[in-house]
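I have placed the structure first, in the form of structure tokens, so that the comments after it can refer back to it.
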Amino acid sequence: MAGHSKFKNIMHRKGAQDAKRSKLFSKLSREVTVAAKMGTPDPAMNPRLRLAVQAAKAQSVPKDVIERAIKKAQGDEDANYDEVRYEGYGPGGVAVLVEALTDNRNRTAGVVRAAFSKHGGALGETGSVAFMFDRVGEIEYGPEAGDADKVMEAAIEAGAEDVASDEEGHVITCTFEDLAEVSAALTEQLGEPAAVSIVWRPQNTTPVDEDKAATLMKLIDVLEDDDDVQKVFANFEIPDDVMEKLAAA
393 MAGHSKFKNI MHRKGAQDAK RSKLFSKLSR EVTVAAKMGT PDPAMNPRLR
443 LAVQAAKAQS VPKDVIERAI KKAQGDEDAN YDEVRYEGYG PGGVAVLVEA
493 LTDNRNRTAG VVRAAFSKHG GALGETGSVA FMFDRVGEIE YGPEAGDADK
543 VMEAAIEAGA EDVASDEEGH VITCTFEDLA EVSAALTEQL GEPAAVSIVW
593 RPQNTTPVDE DKAATLMKLI DVLEDDDDVQ KVFANFEIPD DVMEKLAAA
């Protein structure tokens with residue numbers, strides 16, 4: 393997710409993920425398998441695989457699980473997954489992007505369309521909302537990585553474009569093409585990041601009131617709960633107090 397209350401939104405998302413840890417591991421493992429299948433199984437020679445492995449490690453996926461996911465790419469039992477992006481509008485006119493890895497496009501499209509319809513939204517055509525977002529790389533660190541000046545200095549040296557810091561931690565942004573290189577450089581200086589990912593960052597945000605926010609969060613939760621959906625992004629702007637109320641619900 394993406395929106396005005398950056399760290400509150402991360403907390404809301406991670407809270408949901410912690411309750412479904414095995415599902416999160418499964419999605420990260422699927423990305424590792426797909427990345428290994430698309431190139432060499434050696435992360436040093438496969439930038440996408442290197443990034444997938446780093447993202448999995450950042451979420452504490454065990455080493456043996458990552459290794460099995462890489463080996464699975466070489467086996468006959470592995471399904472062929474297609475990368476699919478769905479776009480639409482949620483409650484309050486919020487633009488929503490859904491990234492999926494699926495072995496059955498019809499099944500996944502039906503699930504995503506039903507989720508939008510049930511929660512006051514509508515699925516659109518490819519390209520209907522993507523132009524409202526920029527595709528960038530994000531590396532997240534907790535406050536233990538250091539103060540804002542230390543992280544900013546490390547980010548500049550690593551070739552990042554921007555850093556947002558507050559008491560919750562730091563979010564470092566770079567071009568998505570440079571993410572693997574920048575995250576590797578930051579790991580040397582600051583240690584393992586809390587998260588590494590390619591995200592769709594909204595160019596502008598859409599204000600959402602409390603009622604619409606509750607329905608929007610339900611839509612995002614339903615989408616994220618689907619096995620085929622990897623990530624969900626939206627351009628909402630929700631006040632901090634409302635996000636805190638929703639996160640506590």
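First residue of the sequence shown: 393, per my numbering; consecutive thereafter.
A virtual CB, placed ideally from N, CA and C, is assigned to each residue, including glycine.
Nothing here was measured: the structure is a model prediction, and the numbers come from that model.
Hey, out of the options, whose CA is closest to residue i's CA?
i: Gly502; options: Val621, Leu582, Lys542 and Asp434; result: Val621
i: Ala540; options: Glu560, Asp570, Phe525 and Glu491; result: Glu560
i: Ile590; options: Met635, Ala576, Ala572 and Asp603; result: Ala572
i: Gly519; options: His511, Val490, Lys510 and Leu611; result: Val490
i: Phe525; options: Asn627, Leu493 and Thr565; result: Asn627
i: Ile458; options: Gly482, Pro439, Val424 and Gly485; result: Val424
i: Asp474; options: Ile612, Ala492 and Tyr481; result: Ala492
i: Lys604; options: Pro483, Ala577, Val426 and Val445; result: Pro483
i: Ile531; options: Glu545, Ala587, Val476 and Gly516; result: Ala587
Alpha carbon to alpha carbon, what distance is there between residue j and residue i?
i: Glu580; j: Asp558; result: 22 Å
i: Thr597; j: Ala487; result: 9 Å
i: Leu420; j: Glu479; result: 22 Å
i: Glu645; j: Phe417; result: Here the chain has residues from 393 to 641 only, and residue 645 is not among them.
i: Gly431; j: Ala514; result: 36 Å
i: Leu443; j: Arg527; result: 15 Å
i: Ala552; j: Asp570; result: 8 Å
i: Arg505; j: Arg497; result: 12 Å
i: Asp633; j: Asp601; result: 11 Å
i: Asp554; j: Leu582; result: 16 Å
i: Lys400; j: Arg422; result: Confidence at Lys400 is low in this model, with a pLDDT of 42, below 50, so its placement is unreliable and the value that follows should be read with caution. Approximately 27 Å, taken between the alpha carbons.
i: Phe508; j: Lys542; result: 42 Å
In or out: residue i buried (at least 16 other Cβ within 10 Å) or exposed?
i: Ser414; result: exposed
i: Pro435; result: buried
i: Ile548; result: exposed
i: Phe625; result: buried
i: Arg499; result: exposed
i: Pro594; result: buried
i: Lys510; result: exposed
i: Gln446; result: buried
i: Asp495; result: exposed
Which stretch, first to last residue, makes up the alpha helix (DSSP H) that contains residue i?
i: Thr425; result: Arg413 to Met430
i: Asp456; result: Lys455 to Lys464
For residue i, report the span of its beta strand (DSSP E) as first-last.
i: Ala546; result: Run containing Ala546: none in the beta strand (DSSP E); it sits in the alpha helix (DSSP H), Ala540 to Ala550.
i: Val591; result: Ala587 to Pro594
i: Gly502; result: First-last for Gly502: Arg497 to Lys510, but that is the alpha helix (DSSP H), not the beta strand (DSSP E).
i: Glu491; result: Ala487 to Thr494
Can you confirm whether residue i, when its beta carbon is compared against all beta carbons of chain B, has any partner nearer than 7 Å?
i: Val528; result: Chain labels in this structure do not include chain B; a single protein chain is all it has.
Taking 6 Å as the cut-off, does the CB of residue i come closer than this to any heavy atom belonging to the ligand SAM?
i: Ala461; result: With respect to the ligand SAM, the structure offers nothing, as it holds no ligand at all.
Pull up the DSSP beta-bridge partners for residue i, would you.
i: Lys623; result: Glu491
i: Pro599; result: Glu629
i: Ile531; result: Ile564 and Val588
i: Val555; result: Ile564
i: Glu475; result: Leu493
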